[in-house]
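Notes for the one structure printed next.
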Amino acid sequence: MKVLAAANTIDDQANLLSPEERTELAERADAINEKIKGEVFILTTNSNTEEPRKFADDQLRDRIGNDHNGALLLLDMNQREIYLSTSGNMIDFVTDKRRDQLLDDVTEAMKNSDYYQASTAYLTNIKSFVDNGVPGGSYRIDENTGKVTYYKSITPLELAIGVLVAAIAAIGFFVSVRLRYQLKIGTYKYPYRQNAQLDLTERQDQLVNSFVTTRRIPKASNNNGGGGGGSSTHSSGGGTFGGGGRSF
-14 MKVLAAANTI DDQANLLSPE ERTELAERAD AINEKIKGEV FILTTNSNTE
36 EPRKFADDQL RDRIGNDHNG ALLLLDMNQR EIYLSTSGNM IDFVTDKRRD
86 QLLDDVTEAM KNSDYYQAST AYLTNIKSFV DNGVPGGSYR IDENTGKVTY
136 YKSITPLELA IGVLVAAIAA IGFFVSVRLR YQLKIGTYKY PYRQNAQLDL
186 TERQDQLVNS FVTTRRIPKA SNNNGGGGGG SSTHSSGGGT FGGGGRSF
């Protein structure tokens, strides 16, 4: 099963990696796949003659379909090109700023002919981007039309405001119903003097124990998190893709 998973995730057509390296990389990719509800791939080739971006987009689409969650790193040995193709939620995780960081790391390793390190750098960066989440203020910009689409997520402040508004609405509804059905003043007098009864009993409560719950609030990490930024997108074969490439 591991060999099959490695063959599907790490498609090493150029034979740049050992079988052990492919298996190890596939296991790391599987962990990322669970988080993104999609798939990430590495494809090496020494025979491609197509434009790397189109080839990478086509290869990713063939594996997951249009606009599904995924990413594919193409290592094109014939044209000495690296290309990262992203789709679905990976477009938002991999902003242009993060993409450049990833390509910097992969390119450096490829120039040194360290293909395992290049693959590791790709997966390490992708995992970090996913773990840090989509940066606040992120957006997509279509390179053909210039249309900008902002990524919207609910912030803790917005969540708190929503809860407060809901609570106020619930209280208002309760008060309205109670006022509607309560007895009008003066229409009925209860004979409390005749019907009242008072029984007093003595009771002692002993405190057995008390608890204080504390929670550590972690500081926001600046590692690979970015401060927002855009993800450039383009259309190919009916789908939307992000990413970018470099020569090595």
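The opening position of the sequence shown corresponds to residue -14 in the numbering used here, with each subsequent residue numbered one higher.
Positions of the beta carbon are idealized from the N, C-alpha and C atoms, including for glycine.
Nearest to residue i (by Cα), restricted to the options the options
{"i": "T242", "options": "N0, R13, S98", "result": "Residue 242 cannot be examined here, being either before or after the span of the chain that is shown, -14 to 233."}
{"i": "D116", "options": "E9, Y68, I21, E36", "result": "I21"}
{"i": "I27", "options": "E5, S70, R65, K39", "result": "S70"}
{"i": "P238", "options": "F226, T109, Y101, L164", "result": "Beyond the ends of the chain as shown, which are -14 and 233, falls residue 238; an answer cannot be given."}
{"i": "D(-4)", "options": "R83, T109, P120, V25", "result": "V25"}
{"i": "L108", "options": "E12, V133, G121", "result": "E12"}
{"i": "N51", "options": "P37, S220, S232", "result": "S220"}
{"i": "G73", "options": "G214, T8, Y136, S232", "result": "Y136"}
{"i": "F78", "options": "F233, F226, S232", "result": "F226"}
{"i": "L59", "options": "A103, T80, G215, I17", "result": "A103"}
{"i": "S217", "options": "P37, D85, E66, G118", "result": "D85"}
{"i": "G23", "options": "L45, L87, F40, Q(-2)", "result": "L45"}
{"i": "A94", "options": "I17, E66, H53", "result": "E66"}
{"i": "G222", "options": "I49, D42, T8, S32", "result": "D42"}
{"i": "F233", "options": "T8, M62, L2, S32", "result": "M62"}
{"i": "N(-7)", "options": "N54, S98, R48", "result": "R48"}
{"i": "E236", "options": "K82, L2, G228, T8", "result": "No answer is possible for residue 236: it lies beyond the span of the chain, which begins at -14 and ends at 233."}
{"i": "E35", "options": "Y68, P120, I111", "result": "Y68"}
{"i": "L224", "options": "H53, T105, D81, Y124", "result": "Before going further, note that residue 224 is Gly rather than Leu in the sequence given. Comparing Cα positions, the closest option is H53."}
Paired residues, beta bridge with residue i - DSSP
{"i": "I126", "result": "V133, S217"}
{"i": "S232", "result": "E66"}
{"i": "D61", "result": "T30, E66"}
{"i": "A56", "result": "V25, T71"}
{"i": "T225", "result": "S220"}
Limits of the beta strand (DSSP E) - the one that residue i falls within
{"i": "F26", "result": "24 to 30"}
Per-residue DSSP class, three states only, for residue i
{"i": "T34", "result": "coil"}
{"i": "A(-1)", "result": "coil"}
{"i": "E143", "result": "Bear in mind that a pLDDT of 45 at E143, under 50, signals an unreliable position, so the model cannot answer this."}
{"i": "N51", "result": "coil"}
{"i": "V115", "result": "helix"}
{"i": "T199", "result": "Reliability fails at T199, whose pLDDT of 36 lies under 50, so the model's placement of it is uncertain and no value is given."}
{"i": "K204", "result": "Here the model assigns K204 a pLDDT of 38, short of 50, so the residue's position is not dependable, and the following value carries that caveat. Coil, per DSSP."}
{"i": "T(-6)", "result": "helix"}
Bounding residues of the alpha helix (DSSP H) (the contiguous stretch that carries residue i)
{"i": "D15", "result": "4 to 21"}
CB contact check: residue i to chain D, cutoff 8 Å
{"i": "L2", "result": "Of the protein chains in this structure there is only one, and it is not chain D."}
Length at least 3, wholly inside the segment 65 to 103: the beta strand (DSSP E) runs in chain order
66 to 72
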